[in-house]
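Trainee: Residue numbers (this note's numbering), protein chains in the order written: chain A, 161 to 292; chain B, -11 to 24. Quick reminder that beta carbons are idealized off the backbone N, C-alpha and C, glycines included. Once you've had a glance at the structure underneath, I'll fire off some questions.
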């Protein structure tokens, strides 16, 4: 699995801990990493993903349907799953303020063996680390 | 005067470039099951 993930676009380094079932992925600085693709690649390697967390830096923007998103690249953004932390960022939408967030992109639903990989990932904010 | 204006424009441009370049995914962590 480590080799399979390491070959994915935008991946700098992959660390696998067999003991606690943790996989750490360090992205390259070219910003080409795609978490959805990584999730699919992990499933393709025969492993079930229980949870995926992401730390990312970007700007808060509203998408065409008015949802708050974190824009990490000009063509890549993640819609927020609404919670108290996402509400607190509403005032930053469309401003030049850059935020660093840690959030959950995916969590396996109980009773489901495999997620629908076509479903878009939403970001449940767990921690707002920095506002600049 | 012109030199000062050019310097300010360059400073502004570099700030925009740095701001865009710093927006990125910094780390991903997965908890997986069935790994051997």
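Would a C-beta distance cut-off of 9 Å place residue 255 (chain A) and residue 217 (chain A) closer than the cut-off?
Mentor: Mapped onto the first chain, residue 255 (chain A) falls at position 95. Mapped onto the first chain, residue 217 (chain A) falls at position 57. Cβ distance not < 9 Å, so residue 255 (chain A) and residue 217 (chain A) don't count as in contact.
Trainee: Hey, is residue 223 (chain A)'s beta-carbon within less than 9 Å of any beta-carbon in chain B?
Mentor: Within the first chain, numbered from 1, the residue matching residue 223 (chain A) stands at position 63. For residue 223 (chain A), the answer is no, since every Cβ of chain B falls outside 9 Å of its Cβ.
Trainee: For residue 212 (chain A), which beta-bridge partners are listed by DSSP?
Mentor: Position 52 of the first chain, counted from the first residue, corresponds to residue 212 (chain A). Its beta-bridge partners are A:266 and B:18.
Trainee: Which first and last residues belong to the beta strand (DSSP E) in which residue 121 (chain A) is found?
Mentor: Not covered by the structure: residue 121 (chain A). The range shown for chain A is 161 to 292.
Trainee: Are there 16 or more other CB atoms within 10 angstroms of the CB of residue -9 (chain B), so buried, or fewer, so exposed?
Mentor: Working through the second chain from its first residue, we reach residue -9 (chain B) at position 3. Exposed: under 16 other Cβ atoms inside 10 Å.
Trainee: Give me the Cα-Cα distance between residue 202 (chain A) and residue 231 (chain A), rounded to the nearest whole angstrom.
Mentor: The sequence position of residue 202 (chain A) within the first chain is 42, counting from 1. The sequence position of residue 231 (chain A) within the first chain is 71, counting from 1. Cα to Cα, the separation comes out at about 24 Å.
Trainee: Assign residue 250 (chain A) to one of three DSSP states: helix, strand, or coil.
Mentor: The count along the first chain starts at 1 and reaches residue 250 (chain A) at position 90. In the structure shown, residue 250 (chain A) sits in a helix (DSSP, three-state: H, G or I).
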